[in-house]
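In my numbering, the protein residues as written are 9 to 719.
Okay, structure coming up:
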């Protein structure tokens, strides 16, 4: 059995640096002392200083001389400048030190000075809290990096590190680790994220649009899975934009389709600068350029956003716009409360709105609309409804919408649901690079779920039903479509239908007060279900039974509902990535809302900067701002000059009036405003420091003073 190595002591000699380092590490582990390198001289550097022919220091020694001291070695700084007051140091004048030097004659490293006296507590329980003992290394560091990239909660990761290694790593240590993994500028991170997409997904499509100042105007992102989803199911497109996804406050514009299993799949993401018509047009044009199948879009589901509606009509003129039913009802209810104050009238009006929204025929809609115009006590609601809703009734009323291809969708819930799930994944606003990574992750997850559902359809056998027609449809169609057809077959077996044959060979199917017409070949019905769903309705089955036609006919089923081929038999998706980068043409005149927002952002930043400056500097800047505002109101041109020898820029106005007098007058106004603001702050401090005083009156006075300041 090998003897335990002896502790490091004065006079010990070592042939190599590695041998000394092992002895030093053993000393620290045994005595629980925490040492750090204080000073050193490299052998390589010292040998260059020696003349030719003189014996050199052995290269195996690495260092000519090294001084190790306790981590508490050195004297603390007595005082600081006050700029960073919340600082601390380990230095407390501990005398413990070890000095080792290279002896050329012996060819060894020799411990020439040794002091193991500490002026502080030393022990195992103390040493484990030092930074060097909390540091992650080797496989543990690699594992922590992987978990950090997967966005594992810091508290969970800290507990995992402690259980696996015993290290008392702090939350701050792990936050620093995360920061080290995000080195470089955000622009570099965005480029890396896009490059990773192109490297890992050969069929991805990316477009970057820059303005004349090389500022990002739009970012288009579409993975190969999104391309495949849209090319397979292009009939209806769900569109919506959402905020609070990135720290640049760029709205995320999402395009979603509905697959053969009735599940929403992302078809494209576009990051925009705002939600104007021009931005939406740019987004849809990018989507149209990169997807030739966009000509097959028949219906677009959106909220009642005029900018989106105009953009769709411009870029996709052949597509029918359908408004989300949820947002339609929400807007009408808000208008009801706004125009009608009587509760009973509100209830009557709400019932009438239900009739308008869910009417089955155009005649019923006209009757309900006529009742609205005759209704008393609704104030200006009738005029509002006519102006804002009646003129676009083809976009939201059931009797009209059922005639469009919508596959049973009346709301924009598919895209809004994806936004909700995406935000849960993001957990707050994130940098643009992280948003891109999470968009790809979210898309790949949805694609994987679709692949699993498709696998189950091909590799699992459904339980046989009693009806052979139902079994035939279920075997050939997707589960979503098969269940819908079976439901229609079940309803067609009801004995309540009256079926008649018209002179032109068509069928008349009646149920209660409703009558539907089925063509002679029993392939189309006036109910709109066949048109909107691409599936046979109950009336078709009733007419086919009456005409002794086969109930099972795959010609009645749209191609999108037929079970797709297994993954191995599919045609390979295009493997060439598409990357475009261009500057858009000059934008049209900026809208008033955009001008206001841009100016407000600059003014907020000015207010933040000015609130931190000194009183004299603040007075100077306030005078300049007041003068600038006065010139803006008078529509006078301005010139700002910032001389190198002057700390403050000088603002000049075109001398077409009494500029000097105006400047003097504005200076006085600025002084008065500053004085009122100062009094306001002093008064506010008094209120907070004297809670027993008349606080309500003081706050009322402060509110008046604040109004004066704003004026």
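Heads up, the beta-carbon is just placed ideally off N, CA and C, and yes, glycines get one too.
Predicted model only: the values in this text are computed from it and were never measured.
- [ ] Indicate whether residue 335 and residue 419 have their beta-carbon atoms separated by less than 9 Å.
- [x] It is a contact, given that the beta carbons lie within the stated cut-off.
Open item on the list: Once DSSP output is grouped into helix, strand and coil, what is the label at residue 22?
Closed with: Of the three classes helix, strand and coil, the one that applies to residue 22 here is strand, per DSSP.
Task: Backbone secondary structure at residue 643 - three-state DSSP - done: Residue 643 carries a coil assignment under DSSP once its states are collapsed to helix, strand and coil.
Open item on the list: Let me check one thing: in DSSP terms, what residues is residue 309 bridge-paired to?
Closed with: For residue 309, which the question treats as bridged, DSSP gives the partners 246, 330.
Open item on the list: For residue 360, which residues in the same chain have their Cβ closer than 8 Å to its Cβ, ignoring the five residues on either side in sequence?
Closed with: These residues qualify, in order along the chain: 376, 379, 380, 383.
TODO: Note the first and the last residue of the continuous beta strand (DSSP E) segment covering residue 266.
DONE: For residue 266, the enclosing beta strand (DSSP E) has its first and last residue at 260-266.
TODO: Compare the C-alpha of residue 522 against each of 277, 507, 314, 647 and name the closest.
DONE: Ranking 277, 507, 314, 647 by CA distance to the CA of residue 522 puts 507 first.
Open item on the list: Below 8 Å on the Cβ atoms is my contact criterion, and I expect residue 570 with residue 485 to pass it. Report the Cβ-Cβ distance as a whole number of Å.
Closed with: Going by Cβ atoms, the distance from residue 570 to residue 485 rounds to 6 Å, so yes, they are a contact pair.
Open item on the list: Need the endpoints of the beta strand (DSSP E) that residue 275 sits in, please.
Closed with: Residue 275 -> beta strand (DSSP E) spans 272-280.
Task: Distance, residue 42 Cα to residue 1 Cα - done: The structure shown does not extend to residue 1, since the chain is modelled only from 9 to 719, so the question has no answer here.
Task: Distance, residue 356 Cα to residue 363 Cα - done: So the two alpha carbons sit approximately 11 Å from each other.
Open item on the list: Can you tell me where the beta strand (DSSP E) holding residue 120 begins and where it ends?
Closed with: Counting along the chain, the beta strand (DSSP E) containing residue 120 begins and ends at 116-123.
TODO: Give the DSSP-derived three-state secondary structure of residue 490 in the structure shown.
DONE: Residue 490 falls in the helix class under three-state DSSP.
- [ ] Determine the closest residue to residue 248 out of 498, 547, 313, 490, with distance taken between C-alpha atoms.
- [x] If you compare the alpha carbons of 498, 547, 313, 490 with that of residue 248, the shortest gap goes to 313.
TODO: Look at the Cβ atom of residue 463, then the Cβ atom of residue 500, and state whether they are nearer than 9 Å.
DONE: No, the Cβ-Cβ distance between residue 463 and residue 500 is not below 9 Å.
- [ ] Just confirm the distance between the C-beta atoms of residue 241 and residue 267, as a whole number of angstroms; I'd bet it's less than 8 Å.
- [x] Yes, they are in contact, since the Cβ atoms of residue 241 and residue 267 sit about 5 Å apart, within 8 Å.
Open item on the list: Looking at the strands, I want to know which residues DSSP matches up with residue 515.
Closed with: In the DSSP output, where bridge partners are listed per residue, residue 515 has 509, 526.
Task: For residue 109, the residue or residues it bridges with in DSSP - done: Per DSSP, the beta-bridge partners of residue 109 are 73, 118.
Task: DSSP state of residue 570 mapped onto helix, strand, coil - done: Residue 570 falls in the strand class under three-state DSSP.
Task: Where the beta strand (DSSP E) containing residue 4 begins and where it ends - done: The requested residue 4 does not occur in the structure, where the chain is confined to residues 9 to 719.
- [ ] Please look up how many angstroms separate the CB atoms of residue 310 and residue 414, rounded, as I've assumed it's under 8 Å.
- [x] Contact flag wrong, Cβ pair sits at about 13 Å.
Open item on the list: Distance check for residue 612 and residue 633, CA to CA, integer angstroms please.
Closed with: Each residue's Cα considered, the two are about 13 Å apart.
Open item on the list: By DSSP's criteria, residue 49 is part of a beta bridge. Which residues make up the other side?
Closed with: DSSP lists 73 as the beta-bridge partner residues of residue 49.
TODO: Look at the alpha carbon of residue 401 and the alpha carbon of residue 512, and state the distance between them as a whole number of angstroms.
DONE: Counting only the Cα atoms, residue 512 lies some 32 Å from residue 401.
Task: Alpha-carbon spacing of residue 285 relative to residue 497, whole angstroms - done: Residue 497 has its alpha-carbon roughly 45 Å from the corresponding atom of residue 285.
Open item on the list: Less than 6 Å between C-beta atoms, sequence neighbours within five positions excluded: which residues of the same chain meet that for residue 690?
Closed with: Residue confidence is low: residue 690 scores 38 on pLDDT, short of 50, so the model does not pin down where it sits. Its coordinate-derived value is still stated next. There are no such residues.
- [ ] Mind checking which residues open and close the alpha helix (DSSP H) that includes residue 153?
- [x] Boundaries of the alpha helix (DSSP H) harbouring residue 153: 146-157, taken from the DSSP string.
Task: Same chain, Cβ closer than 8 Å to residue 473, neighbours up to 5 away in sequence not counted - done: Around residue 473: 479, 482, 494.
Open item on the list: Using only CA atoms, which one of 256, 211, 236 lies nearest to residue 226?
Closed with: Closest by alpha carbon: 256.
- [ ] Counting only the same chain and skipping the five closest in sequence on each side, list residues whose C-beta sits under 8 Å from that of residue 189.
- [x] Cβ within range, chain order: 153, 156, 157.
Open item on the list: Do residue 537 and residue 553 have their beta-carbon atoms positioned less than 9 Å apart in this structure?
Closed with: No, Cβ-Cβ distance for residue 553 and residue 537 is not below 9 Å.
Task: Segment contact, 8 Å Cβ cut-off, at least three pairs: the segment 319-335 with the segment 416-435 - done: By the Cβ rule, the segment 319-335 counts as touching the segment 416-435, because three or more pairs are nearer than 8 Å.
- [ ] Let me know the secondary structure DSSP gives residue 44 once reduced to three states.
- [x] The DSSP-derived three-state label of residue 44 is strand.
Task: Residue environment, residue 605, which counts as buried when at least 16 other CB atoms sit within 10 Å - done: Counting C-beta atoms within 10 angstroms of its own C-beta, residue 605 has fewer than 16 neighbours from the protein chains shown and is therefore classed as exposed.
TODO: Determine the direct distance from the alpha carbon of residue 544 to that of residue 572, and round the result to whole angstroms.
DONE: So the two alpha carbons sit approximately 20 Å from each other.
Open item on the list: Between the segment 165-172 and the segment 130-139, can you find at least three pairs of beta-carbon atoms closer than 8 Å?
Closed with: No: fewer than three Cβ pairs fall under 8 Å.
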